[in-house]
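Numbering (this note's numbering), first residue to last: 8 to 930.
Shown next as structure tokens:
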């Protein structure tokens with residue numbers, strides 16, 4: 008009903024304040040009367056009255072027009088107001104979303120919500136040029152003509168119902184992005200809020216093209232060089248205007264010429280095409296910009312002068328000795344004439360009158376520029392030298408001008424540096440490998456006095472630095488002491504980048520001769536000198552000792568290489584470690600570490616004596632080899648074993664535990680010698696290896712009775728005392744077990760018989776048994792076999808197809824067992840015969856392969872019958888498979904197709920389906 012009520016009546020008028028006040032007062036009086044009548048009602052009745060009051064307002068269909076004249080229709084997008092009645096006597100007049108309401112109290116005081124105020128928005132029209140900021144003055148006032156503050160959030164600018172992006176400047180003006188050329192009708196809205204209603208206005212904006220200005224300067228350019236004009240086009244607001252080649256026209260003396268656009272500007276290629284193009288030519292160039300829809304056209308005249316292509320040739324920087332103050336500048340001037348692709352270079356003859364010198368320098372306060380009139384120009388045939396003296400060498404620059412004021416004019420500026428000359432005096436240039444220091448003195452080249460506290464850069468070798476990690480550099484700076492000396496430690500030098508050595512830091516220069524270079528690190532000093540240094544072989548010695556160890560311990564052997572004179576360690580030197588004995592001869596090459604020590608790899612050696620030979624392999628070291636010994640002693644082992652009473656063939660005759668006496672740990676993979684007395688005089692020795700738990704178990708066949716044993720360690724790496732123990736072998740009873748076997752011819756299947764002890768169910772080893780395989784009622788094969796450690800005797804079934812009886816019985820005095828009878832059934836072997844190829848050349852071989860259908864393996868020794876048909880006649884051949892299961896038949900039939908039929912040659916042993924195929928014989 009609420010929805011219907013809102014939609015049906017759209018003619019409701021806004022309540023004015025007097026109507027609202029009257030309705031509120033009437034409501035209060037009615038509620039006071041109700042409270043007086045029902046003062047004894049409880050809270051439930053009160054709540055019921057509340058609900059009834061609300062229902063009467065919302066559901067009052069008959070009096071909608073009378074009661075709801077103050078309601079604003081939601082369908083018009085306005086605020087809808089309604090009221091509810093509460094049992095407390097307070098009337099609440101509630102606006103939309105319950106945000107604005109009027110509360111009536113028992114004191115009779117009423118608070119009324121005011122309606123949003125009407126607003127008026129005004130804006131100005133305007134004409135703007137393209138590129139100009141479009142700023143529109145806007146003002147918004149309420150219904151009492153008060154100015155309302157505006158923000159970007161409560162304004163909206165549209166053109167053709169499309170929102171435009173804008174900002175507000177400090178003067179609350181709308182600032183729009185660039186609009187296209189033309190007329191624009193903008194709709195500017197002030198957006199409604201809880202206080203003000205919406206209003207809008209229209210602003211007519213016209214955007215017209217902007218005028219332009221061309222920025223370009225007169226140009227002097229040498230003949231043959233590209234004539235490039237730096238060109239900018241600006242609008243009225245100093246914005247740079249982009250342009251294309253088609254917007255530009257270039258005129259020279261009222262004749263349009265060709266040009267290209269480059270990153271640097273406009274290249275006047277057409278100017279070089281003119282007949283009068285040469286040095287000394289002067290051209291008036293008109294640059295015309297045609298404009299576009301946003302910008303008007305413009306033009307600019309400049310002058311282009313073609314100069315002679317002369318070049319002053321000299322260095323960019325010259326050092327001037329601070330003592331002599333003499334400036335010497337070698338110079339030549341060349342003229343380059345370019346005619347199309349022909350280039351001619353001519354060296355010009357000079358006179359002093361052709362040259363002008365300008366010296367720029369700093370006097371400590373200001374930068375000064377003076378012309379030098381007192382100078383000499385010497386030389387001939389194009390090669391000359393300028394010479395003059397000056398003390399003004401502080402930040403000095405010399406500008407050399409040729410043909411001043413003419414079209415041949417050219418110039419070059421060079422830097423003059425006031426410097427001191429120096430040279431190197433070698434003091435100590437010979438050292439031994441990895442020792443000693445090189446020493447040099449730096450002297451003034453004029454006064455010959457030492458230069459102290461002077462930084463010198465030394466190169467020619469690789470310098471190693473150890474501070475904060477290792478680094479390598481092709482040069483290093485040294486500072487002279489008070490006597491002008493620099494000292495270079497040999498230990499910090501190398502001749503190449505050694506990235507292997509980098510793992511250990513670095514070594515020094517190898518034996519040989521090297522050239523050190525010396526240069527100044529300061530521009531005020533001129534030094535460019537060299538000196539040869541020499542590194543000699545060092546006399547060295549090896550410091551080593553004999554080593555004693557014990558088997559089972561991981562050993563390493565170390566020795567040190569040192570300078571024989573000074574005992575300084577020799578680092579990163581190649582050395583050799585060799586260990587030799589009757590069972591080993593191993594060589595390891597290595598390198599000493601930064602402490603001069605070489606340590607061998609881990610040595611896992613058997614007990615024994617070893618010879619060690621140590622030598623240096625370095626070509627930088629003169630050192631004698633050294634011999635030492637390494638002794639590995641045996642470890643002491645403890646043997647533990649008990650006397651044994653066992654049933655015949657049913658348990659180990661000896662169980663020995665081996666442990667390390669020192670550590671108590673079991674010894675795995677150690678050999679134990681067990682000497683067993685087979686009878687009173689005859690003995691047999693057994694070597695048994697311990698398992699991972701240190702136990703050695705001996706399983707061997709012994710006769711019934713008591714046998715003596717001696718047990719000791721057989722391993723060369725251990726020593727132990729010898730144990731004497733006994734084993735008593737008792738006769739026992741056994742039980743045979745075997746299964747009935749069904750197989751096929753040549754299957755390779757085994758017939759297995761197991762013998763177990765009847766008393767303890769253990770497998771019996773070394774026990775002899777008799778096996779009879781009956782091929783008929785009275786004929787049989789007779790076999791004798793001894794059981795394995797698992798109590799098994801087995802043989803391969805190699806009988807032709809048929810059924811065989813097997814009888815197994817005891818053949819040993821050490822046990823008794825009831826014989827058993829079992830059966831072996833051999834069937835014909837199912838095979839598959841198939842041709843390898845059905846296409847064969849005459850005179851070549853037709854090949855057939857035979858495979859077992861059971862095992863899928865190729866079978867050898869199988870005869871195959873082959874029928875080869877020619878029309879209705881055939882020839883029969885018998886072929887036999889080789890060890891690869893292939894049988895071959897040489898084809899002599901004529902070219903064409905032939906039927907072939909394949910079948911077993913005999914069906915006594917094999918069964919197979921007959922195969923019929925067509926064989927194609929080709930030439």
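Glycine included, every Cβ here is placed at the ideal spot set by N, Cα and C.
- Item | Residue closest to residue 724, alpha-carbon to alpha-carbon, out of 654, 537, 123, 559 | 559
- Item | Member of 364, 371, 415 whose CA lies at the smallest distance from the CA of residue 394 | 364
- Going by the CB atoms, is the gap between residue 856 and residue 893 shorter than 7 angstroms? Cβ atoms of residue 893 and residue 856: closer than 7 angstroms.
- Task: Determine the DSSP secondary structure at residue 278, reduced to helix, strand or coil.
- Result: Residue 278 falls in the helix class under three-state DSSP.
- Message: What would DSSP say about residue 925, mapped onto helix, strand or coil?
- Response: strand
- Message: Quick check: residue 837 and residue 708, are their CB atoms within less than 7 angstroms of each other?
- Response: no
- Give the C-beta separation of residue 422 and residue 296 to the nearest angstrom, bearing in mind that I take them to be a contact with Cβ-Cβ under 8 angstroms. In fact, because the Cβ distance is near 43 angstroms, the residues do not count as touching under 8 angstroms.
- Rounded to a whole number of angstroms, what is the C-alpha to C-alpha distance between residue 778 and residue 823? 15 angstroms
- Item | Within 7 angstroms, strictly: CB atoms of residue 882 and residue 852 | For residue 882 and residue 852, no; Cβs fall outside 7 angstroms.
- Message: Can you look up residue 451 in the DSSP assignment and give me helix, strand or coil?
- Response: strand
- Query: Helix or strand or just coil, what does DSSP make of residue 149?
  - Reply: strand
- Go to residue 308, then tell me how far its beta strand (DSSP E) extends in each direction, as first and last residue. 305-314
- Task: Using alpha carbons as the reference points, say which of 450, 445, 767 lies closest to residue 495.
- Result: 445
- Can you check whether the CB of residue 314 is closer than 7 angstroms to the CB of residue 934? Because the chain in this structure spans residues 8 to 930, residue 934 falls outside the shown range and cannot be described.
- Range of the contiguous beta strand (DSSP E) that encloses residue 191: 189-197
- Task: Give the straight-line distance between the Cα atoms of residue 163 and residue 216, rounded to the nearest whole angstrom.
- Result: 27 angstroms
- Message: Buried or exposed for residue 757, going by 16 or more other Cβ atoms inside 10 Å?
- Response: It counts as exposed.
- Task: With DSSP as the reference, label residue 63 as helix, strand or coil.
- Result: Legend: pLDDT at residue 63 = 34, less than 50; position of this residue unreliable, no value from coordinates given.
- Message: Taking the beta strand (DSSP E) that residue 433 belongs to, which residues open and close that run?
- Response: 417-435
- Check whether the region 190-210 touches the region 222-235, taking contact to mean three or more Cβ pairs, one atom from each stretch, closer than 8 angstroms. Verdict: no, contact absent.
- Query: Who are the near neighbours of residue 633 in its chain, counting only those whose CB is closer than 6 angstroms to its CB and skipping five residues on each side?
  - Reply: For residue 633, where only same-chain residues beyond five positions count, the Cβ hits under 6 angstroms are 549, 551, 621.
- Query: Which word fits residue 147, buried or exposed, when buried means at least 16 other C-beta atoms lie within 10 angstroms of its C-beta?
  - Reply: Buried is the call here.
- Task: Go ahead and pull the three-state DSSP assignment for residue 887.
- Result: In the structure shown, residue 887 falls within a strand segment according to DSSP collapsed to helix, strand and coil.
- Which of the three DSSP states, helix, strand or coil, is assigned to residue 536? strand
- Query: Which residue from 913, 687, 682, 673 puts its Cα closest to that of residue 729?
  - Reply: 682
- Task: Using DSSP bridges, identify the partner residues of residue 128.
- Result: 147
- From residue 399 to residue 334, what distance separates their C-alpha atoms? 11 angstroms
- Item | Reduced DSSP secondary structure (H/G/I, E/B, other) of residue 497 | helix
- Three or more beta-carbon pairs under 8 angstroms between the region 748-756 and the region 766-782, yes or no? no
- Counting Cβ pairs closer than 8 angstroms, one from the region 376-384 and one from the region 322-329, do we hit at least three? The way I'd put it, the region 376-384 doesn't touch the region 322-329; fewer than three beta-carbon pairs between them come closer than 8 angstroms.
- Roughly how many angstroms separate the alpha carbons of residue 674 and residue 645, rounded to a whole number? It is roughly 10 angstroms from the alpha-carbon of residue 674 to the alpha-carbon of residue 645.
- With a cut-off of 8 angstroms, do at least 3 Cβ pairs link the region 423-441 to the region 533-546? yes
- Item | Where the beta strand (DSSP E) containing residue 604 begins and where it ends | 604-606
- Does the Cβ of residue 358 have 16 or more other Cβ atoms within 10 Å, making it buried, or fewer, making it exposed? exposed
- Task: Taking residue 820 and residue 653 to be in contact with their CB atoms under 8 angstroms, please state how far apart those CB atoms are, rounded to whole angstroms.
- Result: With a Cβ gap of about 16 angstroms, residue 820 and residue 653 do not count as contacting.
- Message: Quick check on residue 253: does DSSP put it in helix, strand or coil?
- Response: Three-state DSSP puts residue 253 in a helix.
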